[in-house]
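**Q** Residue numbers (UniProt numbering): 1 to 194.
Note that beta-carbon positions come from the ideal geometry of N, C-alpha and C, so glycine has one too.
From a predicted model like this one, the values you see are computed outputs, not experimental measurements.
Encoded as structure tokens, here's the structure I'll be asking about.
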């Protein structure tokens with residue numbers, strides 16, 4: 001794979017390389033080996049990445065942060081690479097405890113199954129994206145209708161307020177007429193107020 005020529009290699013990945021390739025598990029021996037052969041370790045891991053195949057790009061299913069990772073397969077080796085940081089995080093060998101041919105057959109069958117699932121995923125992803133686009137358009141239409149109805153409601157509320165104001169004006173007008181009527185009656189009976 002291109003793009004991994006200058007990738008950073010984490011200390012953890014270097015340690016896993018030495019543990020699994022050189023079968024060194026003693027911590028002091030492990031550190032000593034890394035100090036002595038660090039550039040060789042880095043170059044070997046980078047070559048594994050360059051000549052490997054990305055078999056997965058997606059959320060890190062073992063971490064809580066859901067960061068995107070690449071998983072690269074080279075032979076029976078898996079190398080985990082952080083997509084954003086461009087750092088090889090860790091690595092390990094697929095070893096089912098039998099011979100290498102069994103491991104290769106297992107990996108081959110796994111890759112065939114993975115390709116089928118990847119194809120299904122891509123087909124479903126396109127269908128789902130189309131459905132999501134349709135739903136987004138429908139939601140926009142709903143928002144437009146809501147806005148139209150809210151404007152209509154505001155118009156009716158304004159109309160109602162205008163009617164209330166007209167009604168109040170009529171009440172005031174009627175009260176003025178009543179006041180004049182009472183004034184006339186008052187004068188008729190010689191009283192100023194009733």
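I'd like to confirm the pairing. Which residues does DSSP put opposite residue 74 in its beta bridges?
**A** In the chain shown, the residue the question calls residue 74 occupies position 74. BP columns for residue 74 point to 77.
**Q** Express the C-alpha separation of residue 140 and residue 147 in angstroms, rounding to a whole number.
**A** Taking the first residue of the chain shown as position 1, residue 147 is located at position 147. Taking the first residue of the chain shown as position 1, residue 140 is located at position 140. Approximately 10 Å between the Cα atoms of the pair.
**Q** Using 8 Å as the Cβ pair cut-off and three pairs as the minimum, do the segment 68 to 85 and the segment 41 to 57 touch?
**A** Flag = yes, the segment 68 to 85 and the segment 41 to 57 touch.
**Q** Indicate whether the contact test is met: 3 or more Cβ pairs, each with one atom in the segment 9 to 28 and one in the segment 81 to 90, closer than 8 Å.
**A** A contact exists between the segment 9 to 28 and the segment 81 to 90.
**Q** Is DSSP giving residue 158 helix, strand or coil here?
**A** On the chain shown, position 158 is the one that residue 158 refers to. Residue state, collapsed to three classes: helix.
**Q** Ignore the nearest five residues each way along the sequence and tell me which others in residue 20's own chain have a CB closer than 8 Å to its CB.
**A** Here the question's residue 20 lines up with position 20 in the chain shown. Closer than 8 Å at the Cβ level, and outside the excluded window around residue 20, lie 91, 92 and 93.
**Q** What does the alpha-carbon distance come out to for the pair residue 105 and residue 5?
**A** By 1-based counting over the chain shown, the position of residue 105 is 105. By 1-based counting over the chain shown, the position of residue 5 is 5. Each residue's Cα considered, the two are about 29 Å apart.
**Q** Taking C-beta to C-beta, are residue 79 and residue 45 nearer than 8 Å?
**A** Your numbering for residue 79 matches position 79 in the chain shown. Your numbering for residue 45 matches position 45 in the chain shown. A contact, by the Cβ cut-off of 8 Å.
**Q** Assign residue 163 to one of two classes, buried (16 or more other C-beta atoms within 10 Å of its C-beta) or exposed (fewer than that).
**A** Numbered from its first residue, the chain shown carries residue 163 at position 163. It is exposed - the Cβ of residue 163 has fewer than 16 other Cβ atoms within 10 Å.
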